[in-house]
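Asker: Residue numbers (this note's numbering): 29 to 521.
Cβ atoms here follow ideal geometry from the backbone N, Cα and C, with glycine treated the same way.
It should be emphasised that the depicted structure is a prediction, and the values quoted were computed from it without experimental measurement.
Below are the structure tokens for one structure; questions will follow.
Given below as structure tokens:
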């Protein structure tokens, strides 16, 4: 059957009515799940929680986001960025604090989405985003190193075999995810060969079946709040950032628009649900989403629904086998994921030579802060603030003031954006003593953006008035005129 040509994005009903589209969506969901399982298990180890917790949470996250999310095709699960944020809390205070942390993070995300704050993501500069991605790759890689140190010699052989399969198999076929083939092969060797190497089961119990609701084991008081709120805020904003970044990526791949606000509050609902039934938070998985949308050709919620249901089948039927997966195999998978996560183009010497120095500084600082603090949210915050400061510093020097004598008067033509960074120097651009009695300041090519500028203009008028001279300000656009009129003469000394 030929896929129908539509003047609108393909919807769920279109897929259900078309066997070809349904098959494409279903296969994309299944392949995505197979690629998802190894990473989710590895991320659970990074976070310090039971692998079954992350798998069940991923089922909940995937299915809830399938129903409520604002971007069809995005795969949401227990992700590495969130695991890296939660890990220090688990290691210092224990797993019992994860539930209230996840619930609080979910509430923050719901508020963020319903308040329309998702639009603020556009103010995160590209250099910060690149720093975020590069730092994420570094942290994921470093987290795996402990699994390949002080292990039996056979583990190194299995590690090398896993890397070989992942790197070589895609040259011959991409029908099945290479990481999945590598893990199945290495696990089979261990099981049938009776090899004794560290495995997933050593990291925590992985019993079959589904757990019940997560129990709240800590009191709801200010002491608990003081412990969880820094991690909860980090989980909330790291999850939002990666989810909205992924949604924008899918928008570009499919040439369609998504509802970022809906995607944000839906993530909060999904995380709260995953916290109570599973036990850990998550966000969009960039790699698996690209596999689902770009490689698998998925375009609707059907693909992610299939992914969630197939993952449910795996968890209920194959938990015993998953417990025997060698940790070095998962470490190899995650190291490859980490290496491919880094934007290597951004650190090429040729790229760095072309990039403006301030943008390179912002990227490097973002990476350094994230790696040193092990906190993705803090790194992004510092990167954004630094980018704003450097931008304001550059823009502060773009204003121009031209002086021209017109008979018995003088005219100053000001051009460029006037705000706190540039207007403070504006006061020094006038020849107060030398100018005649009538002075005109032409702001036709300028804009008044803040109270600092109004205060600077008031100061200029005051200086001229002290010398018995008059000042006329003209050329303001409608917005600047209204803003200036509302504040002038009312800002005090």
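For residue 433 and residue 421, what's the separation of their Cα atoms in angstroms?
Answerer: What you label residue 433 is simply residue 405 of the chain shown in a count that begins at 1. What you label residue 421 is simply residue 393 of the chain shown in a count that begins at 1. Approximately 31 Å between the Cα atoms of the pair.
Asker: Excluding sequence positions up to five away, which residues of its chain have a Cβ less than 8 Å from the Cβ of residue 156?
Answerer: The residue you call residue 156 lines up with position 128 of the chain shown. These residues qualify, in order along the chain: 390, 391, 394, 408, 411, 412 and 415.
Asker: Drop a sphere of 10 angstroms on the beta-carbon of residue 67, count the other beta-carbons inside from all chains shown, and report buried for 16 or more, exposed for fewer.
Answerer: As a working note, residue 67 is residue 39 in the chain shown. Classification for residue 67: buried.
Asker: What does the Cβ neighbour count give for residue 481, buried or exposed, with the cut at 16 atoms within 10 Å?
Answerer: Counting from one through the chain shown, the residue named residue 481 turns up at place 453. Classification of residue 481: buried, given that the 10 Å Cβ count is 16 or more.
Asker: Residue 194 and residue 364 look like a contact to me (Cβ under 8 Å); what is the Cβ gap, rounded to whole Å?
Answerer: Taking the chain shown and counting its residues from 1, one reaches residue 194 at position 166. Taking the chain shown and counting its residues from 1, one reaches residue 364 at position 336. About 5 Å separates the two Cβ atoms, so the contact holds.
Asker: Apart from the five residues on each side of it in sequence, which residues of its chain come closer than 7 Å, Cβ to Cβ, to residue 428?
Answerer: Translated into positions along the chain shown, residue 428 becomes position 400. Answer for residue 428: 443 and 444, listed in chain order.
Asker: Mind checking who residue 198 pairs with in its DSSP beta bridge?
Answerer: Taking the chain shown and counting its residues from 1, the one referred to as residue 198 is at position 170. According to DSSP, residue 198 bridges with nothing at all.
Asker: With distances taken from CA atoms, which of 133, 129, 353 and 159 is nearest residue 387?
Answerer: Sequence index remark: in the chain shown, residue 387 carries index 359 (1-based). It is 159 whose Cα lies nearest to the Cα of residue 387.
Asker: Could you tell me which whole beta strand (DSSP E) segments of length 3 or greater appear in the region 355-418?
Answerer: Runs found: none.
Asker: In its own chain, which residues sit with a C-beta less than 7 Å from the C-beta of residue 29, not counting the 5 before and 5 after it?
Answerer: Looking up residue 29 in the chain shown gives position 1. Low local confidence applies: a pLDDT of 37 at residue 29 is under 50, so the model's placement there is unreliable, with the coordinate-based value given in what follows. So the list reads 46, 47 and 48, once near-sequence residues are dropped.
Asker: Spell out a yes or no on whether the region 373-387 and the region 248-266 are touching, meaning 3 or more CB-CB pairs, one atom from each, closer than 8 Å.
Answerer: With the cut-off at 8 Å, the region 373-387 and the region 248-266 do not touch.
Asker: Decide if residue 369 is buried, meaning its Cβ has at least 16 other Cβ atoms within 10 Å, or exposed.
Answerer: Residue 369 sits at position 341 when you count from the first residue of the chain shown. Buried.
Asker: Looking only at its own chain, which residues have a Cβ that is under 6 Å from the Cβ of residue 331, when we skip the five neighbours before and after it?
Answerer: Translated into positions along the chain shown, residue 331 becomes position 303. Closer than 6 Å at the Cβ level, and outside the excluded window around residue 331, lie 53, 56, 57 and 320.
Asker: Thinking just about the alpha-carbon of each residue, which of 510, 483, 512 and 502 is nearest to the one in residue 519?
Answerer: Here residue 519 refers to the residue found at position 491 of the chain shown. Selected option, being the one with the closest Cα: 483.
Asker: Kindly confirm or deny that the region 99-111 and the region 215-231 touch, where touching means at least three C-beta pairs closer than 8 Å.
Answerer: In short, these stretches do not touch, since the Cβ pair count stays below three.
Asker: What are the partner residues of residue 556, as DSSP defines its beta bridges?
Answerer: Because residue 556 is not part of the residues shown, which for the chain are 29 to 521, the question remains open.
Asker: By Cβ distance below 7 Å, which residues in the same chain neighbour residue 197 in space, the five residues on each side in sequence not counted?
Answerer: Taking the first residue of the chain shown as position 1, residue 197 is located at position 169. Contacts found: 206 and 209.
Asker: Taking Cβ to Cβ, would you say residue 440 is nearer than 8 Å to residue 419?
Answerer: Within the chain shown, numbered from 1, the residue matching residue 440 stands at position 412. Within the chain shown, numbered from 1, the residue matching residue 419 stands at position 391. In this structure, residue 419 does not lie closer than 8 Å to residue 440 by Cβ.
Asker: Counting only the same chain and skipping the five closest in sequence on each side, list residues whose C-beta sits under 6 Å from that of residue 87.
Answerer: Residue numbering aside, residue 87 sits at position 59 when the chain shown is read from its first letter. Contacts found: 336, 339 and 340.
Asker: Using the C-alpha atoms, what's the distance from residue 183 back to residue 225?
Answerer: By 1-based counting over the chain shown, the position of residue 225 is 197. By 1-based counting over the chain shown, the position of residue 183 is 155. Between residue 225 and residue 183, the C-alpha separation is close to 6 Å.
Asker: Going by C-alpha to C-alpha distance, which of 474, 513, 81 and 471 sits closest to residue 241?
Answerer: Residue mapping note: residue 241 aligns to position 213 of the chain shown, counting from 1. Nearest of 474, 513, 81 and 471 to residue 241, Cα basis: 81.
Asker: Suppose contacts are defined by Cβ-Cβ distances below 8 Å. Is residue 113 in contact with residue 266 by that definition?
Answerer: Position 85 of the chain shown, counted from the first residue, corresponds to residue 113. Position 238 of the chain shown, counted from the first residue, corresponds to residue 266. Yes.
Asker: Where do the N-terminal and C-terminal ends of the beta strand (DSSP E) with residue 125 fall, by residue?
Answerer: The sequence position of residue 125 within the chain shown is 97, counting from 1. Taken as a continuous stretch (DSSP letters only), residue 125 belongs to no beta strand (DSSP E), as it is neither H nor E.
Asker: In its own chain, which residues sit with a C-beta less than 6 Å from the C-beta of residue 465, not counting the 5 before and 5 after it?
Answerer: In the chain shown, the residue the question calls residue 465 occupies position 437. Cβ neighbours of residue 465 beyond the five flanking positions: 497.
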